[in-house]
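Residue numbers (the working numbering): 802 to 1142. Just so you know, even glycine gets a beta-carbon here, dropped at the ideal spot from N, CA and C.
Shown next, in the form of structure tokens:
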């Protein structure tokens, strides 16, 4: 179930979705603290009583299944948080790494289940183990409350993330006061599964023209650069993990490109201006950032389905590069961008 979450990255830029996740974590934490409880349906206890005397593999399977339902309220919150953490991790990887993370998640869940059942197996095999097991007492409550506080802390981080990095304006306003003490923006996966890692084959297609608002600097029209400057467009969002990892390299390349009469624009995908302004300030970005508030340029004119995405346009207005990262040979890239000057 957690693995399926990797294909739903498009909804993770929606603040309402993350707000719901944060509320879910908070409810699970309060449940472990004993603020409220979910009553166990009486039918489960009845089923356990009826299957207690069954023998053989089928009997063991039935008893184990029913017992799982009985202890669900105890283990459910921890298991739910584990599945949520696995799903979140899967959104940050692709390809072979994705498969490895799925296997890792499966191993973690196996170890969780093994830990739940190991004591029962030992007690059933070696009766002396029963006398050496810790007795139930206050220490169990301390551990439970410790996990509860960890889960509530995680929920708090989600709430802060919603306010700083998503399109949920109400939470943004509520948490705006945290700006002075906020750390650089937390990170999250692209709005769909990323495109191929790098596409360096030149394309003769002319770049579609657009006019877009710059962050605090009026309007920018792409065609005004034609015949004068090469242009690099970096499409990003603050909740995109890979986008954030590329920030230092993008900043360095922007300085290099400026010396070669090439302009670099970062284009933000559908986020409020105050979030982008906070990101720009905290990361000390000095090149221009354009705001694609409706997403029409990103997905409509350029057909981009995953972030990050970088497009190189030479001085003739031709698209010569598309990829999810800058080319390794940046000198050659700049040379191609200058064609038409």
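- Within the stretch 1081-1137, the complete beta strand (DSSP E) segments at least 3 residues long are 1090-1093, 1110-1114 and 1120-1124, listed from N- to C-terminus.
- In the DSSP assignment, residue 1031 forms a beta bridge with 1063.
- In this structure, residue 1050 places its C-beta atom within 8 Å of the C-beta atom of residue 1127.
- Taking every protein chain shown into account, the CB of residue 1118 has 16 or more other CB atoms within 10 angstroms, so this residue is buried.
- DSSP places residue 1038 outside both helix and strand once states are collapsed to three, so it counts as coil.
- Ranked by how close their Cα comes to the Cα of residue 1085, the residues 1053, 900 and 1018 have 1053 in first place.
- The beta carbon of residue 949 is closer than 7 Å to those of 830, 833 and 834 in its chain, skipping five residues each way along the sequence.
- Under the three-state reduction of DSSP, residue 1053 is assigned to helix.
- Taking 8 Å as the cut-off, the beta carbon of residue 1067 is found closer than this to the beta carbon of residue 1037.
- Residue 1021 is bridged by DSSP to 1013.
- Listed in chain order, the non-local C-beta contacts of residue 1010 below 6 Å within the same chain comprise 1023 and 1024, local neighbours out to five positions each way being set aside.
- Relative to the Cα of residue 956, the nearest Cα in the group 1095, 1027, 821 and 1121 belongs to 821.
- For residue 1068, DSSP records a beta bridge to 1036 and 1091.
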